[in-house]
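Trainee:
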Amino acid sequence: MSRGNGILAVRVWPAADYTRVAIEHSDPLKFTHFTIKNPDRLVVDLEGVEFNGVLDGMAGKIAPDDPNIKLLRAGRFKPGVVRLVMELKNEVRPQVFVLPPVGEYGYRLVLDVYPLDPPDPLLQLIQRSESLYGGTTAEQKPETIVERPRQGKPVVDRLVTITLDPGHGGEDPGAVGRGGSYEKHVTLAVAHRLRAKIDAEPNMRAVLTRDTDYFVPLQMRVQKARRIQSDLFVSIHADAFTRPDANGSSVFALSESGASSSAARYLAQRENAADLIGGVNLGAKDPILAKTLLDLSQTATINDSLKLGRAVLNEIGGINRLHKDSVEQAGFAVLKAPDIPSILIETAFISNPEEERRLNDEAYQDRMAEAIISGIRKYFIKNPPLAKSRLARLD
């Protein structure tokens, strides 16, 4: 047995969508896995691994309220082999795969367990609408009057849906400030505040791509927005730059060609690397989604994204210095929905010590959320959403 291949860490990320167990190890390892029924279990055998305190403490990593995993334990199975047994709360679709070293991580063996009946974002949206609007569904909720400027008369418009995308999460912390702040926590905090403000509007509702600390692949973020036929997609970030004095807020839209600046290109490259750090199973591709994201004939959508971006940027400029006073563009993967105006907001630079302090201030988070919704309101006044079915299609 190789003494050099030790288990360095075990991290567990529970969520209703799926639970991830990431096992970090020092060198490549061999493994096999299989499932057992009655009760449902996932078994993984690790070859050439020394049983140590990290593995011994694995059981304590599983929270009682984990939606998918009941128990996780490890023990010596036979000479040179450590066996992991994951007891499951329900039948799952497991994905077991290896990630190479990247960023601060060494090799990782990833155990993803997906429920056979995953949460349906459309059903969640309907249930949320029912709770927000006193038992009425979105379909039953009265239409809202929205004033169209230049026409001189109000028109009846529908309830609009906005997908909020808190950047990073789970295995992917995003940028880390000098004070130890994680971008993934800041983005989620701002997104929760913004969702509350949107839901308080009489004609809007918001959905989060993630509402807790877990990793969501970039394509899945887009897919969730399209599944519910969102009217807007707003990705929230607090990124870092090579210089600690970089500061200010920015708004980005997709570019079909090159980036509008070297800084925009750099940030897009950083954000697009999230799948490498968070960990995507490249063997489980969705061909339908891949085809969707390759459809870049979306000039009209990008034009609407730029209008939305300018409206939001103008409002953000009232609470923080702007890194640049115009909407920038680059090839952000998360903005590639061909039919949804999409923007990415850098609320501030977490790599700047002063801005890191502001990003952790609840009052600043609230002001940022208020500025974003104010920009969204002004965008819709000038660009009322087109007519479409009140609820997203089921197909």
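Numbering-wise, the sequence shown is residues 1 to 395 according to UniProt numbering.
Just so you know, even glycine gets a beta-carbon here, dropped at the ideal spot from N, CA and C.
If A268 and E183 are in contact, beta carbons under 8 Å, what's the gap, nearest whole angstrom?
Mentor: Working through the sequence shown from its first residue, we reach residue 268 at position 268. Working through the sequence shown from its first residue, we reach residue 183 at position 183. Not really, about 15 Å apart at Cβ, beyond 8 Å.
Trainee: Within a Cβ cutoff of 7 Å, which residues of the same chain sit near A189, ignoring the five residues on either side of it in sequence?
Mentor: Counting from 1 along the sequence shown, the entry for residue 189 is found at position 189. Once the five neighbours on either side are set aside, the close Cβ partners of A189 are Q365.
Trainee: When the Cα of Q223 is compared with those of F380, E256, V207, which residue comes out closest?
Mentor: One-based indexing of the sequence shown puts residue 223 at position 223. Residue V207 is the option with its Cα nearest to Q223.
Trainee: Could you round the C-beta distance between T347 and S260 to whole angstroms and report it? I think they count as a contact, below 8 Å.
Mentor: In the sequence shown, the residue the question calls residue 347 occupies position 347. In the sequence shown, the residue the question calls residue 260 occupies position 260. Actually they are not in contact, since the Cβ atoms of T347 and S260 sit about 19 Å apart, beyond 8 Å.
Trainee: Under 8 Å: do the stretch 161-172 and the stretch 207-216 share three or more Cβ pairs, one atom per stretch?
Mentor: yes
Trainee: Assign R193 to one of two classes, buried (16 or more other C-beta atoms within 10 Å of its C-beta) or exposed (fewer than that).
Mentor: Here the question's residue 193 lines up with position 193 in the sequence shown. Classification for R193: buried.
Trainee: Please classify P154 as buried or exposed, where buried requires at least 16 neighbouring CB atoms within 10 angstroms.
Mentor: Translated into the one-based positions of the sequence shown, residue 154 becomes position 154. Confidence in P154 is poor, its pLDDT being 39 and thus under 50, which makes the residue's placement too unreliable to answer from.
Trainee: Buried or exposed for Q329, going by 16 or more other Cβ atoms inside 10 Å?
Mentor: On the sequence shown, residue 329 is found 329 positions in, with the first residue counted as 1. It counts as buried.
Trainee: Are the CB atoms of L254 and K378 within a distance shorter than 8 Å?
Mentor: Numbered from its first residue, the sequence shown carries residue 378 at position 378. Numbered from its first residue, the sequence shown carries residue 254 at position 254. No.
Trainee: Please classify Y107: does DSSP put it in a helix, a strand, or coil?
Mentor: Stepping through the sequence shown from its first residue, residue 107 is reached at position 107. The answer is strand: DSSP assigns Y107 an E or B state.
Trainee: Ordered along the chain, which non-local residues of its own chain (more than five positions away) have a Cβ less than 7 Å from that of A274?
Mentor: Residue mapping note: residue 274 aligns to position 274 of the sequence shown, counting from 1. Counting only Cβ-Cβ distances below 7 Å, and skipping sequence neighbours, we find H168, D172, L218.
Trainee: Are the CB atoms of D27 and N5 nearer to each other than 8 Å?
Mentor: To locate residue 27, count along the sequence shown from 1; it is residue 27. To locate residue 5, count along the sequence shown from 1; it is residue 5. Yes.
Trainee: Could you give the first and the last residue of the continuous beta strand (DSSP E) run that contains T35?
Mentor: For this step, residue 35 is matched to residue 35 along the sequence shown. Here the beta strand (DSSP E) through T35 covers 30-36.
Trainee: Could you pull out every residue in the same chain whose Cβ sits closer than 7 Å to the Cβ of D45, ignoring the five residues on either side in sequence?
Mentor: Start at 1 with the first residue of the sequence shown, and residue 45 comes out as number 45. F31, T32, F77, V81, R83, listed in sequence order.
Trainee: Between which residues of its own chain and R11 is the CB-CB distance below 6 Å, once the five residues before and five after are set aside?
Mentor: Residue mapping note: residue 11 aligns to position 11 of the sequence shown, counting from 1. If we look at R11 and ignore the five residues flanking it on each side, its Cβ neighbours are A22.
Trainee: Output the distance between the C-alpha atoms of L125 and A363, rounded to the nearest integer angstrom.
Mentor: Translated into positions along the sequence shown, residue 125 becomes position 125. Translated into positions along the sequence shown, residue 363 becomes position 363. Whole-angstrom Cα-Cα distance: 28 Å.
Trainee: How would you label T19, buried or exposed, when you count the other beta carbons within 10 angstroms and need 16 or more for buried?
Mentor: Within the sequence shown, residue 19 is the residue found at index 19, counting from 1. Result: buried.
Trainee: On a CA-only basis, which of S181, A9, L322, A16 is nearest D56? Give me that one, please.
Mentor: In the sequence shown, the residue the question calls residue 56 occupies position 56. Comparing Cα positions, the closest option is A9.
Trainee: Excluding five sequence neighbours on each side, which residues of the same chain lie with their C-beta closer than 7 Å to the C-beta of P118?
Mentor: Taking the first residue of the sequence shown as 1, we reach residue 118 at position 118. Excluding sequence neighbours, P118 sits near D17.
Trainee: Can you list, in chain order, the residues of its chain whose CB lies under 6 Å from that of P94, leaving out five sequence neighbours each side?
Mentor: Here residue 94 refers to the residue found at position 94 when the sequence shown is read from its first residue. If we look at P94 and ignore the five residues flanking it on each side, its Cβ neighbours are L42, V113.
Trainee: Taking the alpha helix (DSSP H) that G57 falls in, what are its first and last residues?
Mentor: The count along the sequence shown starts at 1 and reaches residue 57 at position 57. Element bounds for G57: n/a, residue is neither H nor E.
Trainee: What are the start and end residues of the alpha helix (DSSP H) that includes Q329?
Mentor: The sequence position of residue 329 within the sequence shown is 329, counting from 1. It is not in any alpha helix (DSSP H) - Q329 instead sits in the beta strand (DSSP E) that spans 328-330.
Trainee: Can you look up R11 in the DSSP assignment and give me helix, strand or coil?
Mentor: Reading the sequence shown from its first residue, position 11 is the one you call residue 11. Strand at R11.
Trainee: Does V155 come out as helix, strand or coil in the three-state DSSP assignment?
Mentor: Taking the sequence shown and counting its residues from 1, one reaches residue 155 at position 155. Unreliable positioning characterises V155 in this predicted model, as indicated by a pLDDT of 47, which lies under 50. The coordinate reading is nonetheless provided below. In the structure shown, V155 sits in a strand (DSSP, three-state: E or B).
Trainee: According to DSSP, simplified to helix, strand and coil, what is L293?
Mentor: On the sequence shown, residue 293 is found 293 positions in, with the first residue counted as 1. With a pLDDT of 49 at L293, under the threshold of 50, the predicted position of this residue should be treated as unreliable, though the coordinate-derived value follows. L293 falls in the helix class under three-state DSSP.
Trainee: How should P166 be labelled, buried or exposed, when 16 other C-beta atoms within 10 angstroms of its C-beta is the threshold for buried?
Mentor: Looking up residue 166 in the sequence shown gives position 166. Burial call: buried.
Trainee: Is A246 closer than 8 Å to F349 when the C-beta atoms are compared?
Mentor: Mapped onto the sequence shown, residue 349 falls at position 349. Mapped onto the sequence shown, residue 246 falls at position 246. Closer than 8 Å, so yes.
Trainee: P64: buried (16+ other C-beta within 10 angstroms of its C-beta) or exposed?
Mentor: In the sequence shown, counting from the first residue as 1, residue 64 sits at position 64. With fewer than 16 other Cβ atoms within 10 Å, it is exposed.
Trainee: With distances taken Cα to Cα, identify the nearest neighbour of L122 among I36, R226, G317.
Mentor: Walking along the sequence shown from the start, residue 122 turns up at place 122. Of the listed residues, the one whose Cα sits closest to L122 is R226.
Trainee: Beta carbon of V216, beta carbon of I343: below 8 Å?
Mentor: For the purposes of this step, residue 216 is taken as residue 216 along the sequence shown, with counting starting at 1. For the purposes of this step, residue 343 is taken as residue 343 along the sequence shown, with counting starting at 1. Not in contact: V216 and I343 (Cβ atoms no closer than 8 Å).
Trainee: Consult DSSP for R123 and reduce its assignment to one of helix, strand or coil.
Mentor: Along the sequence shown, one-based indexing puts residue 123 at 123. Per the sequence shown, the amino acid found at residue 123 is Leu instead of Arg. Per DSSP, reduced to three states, the secondary structure at L123 is helical.
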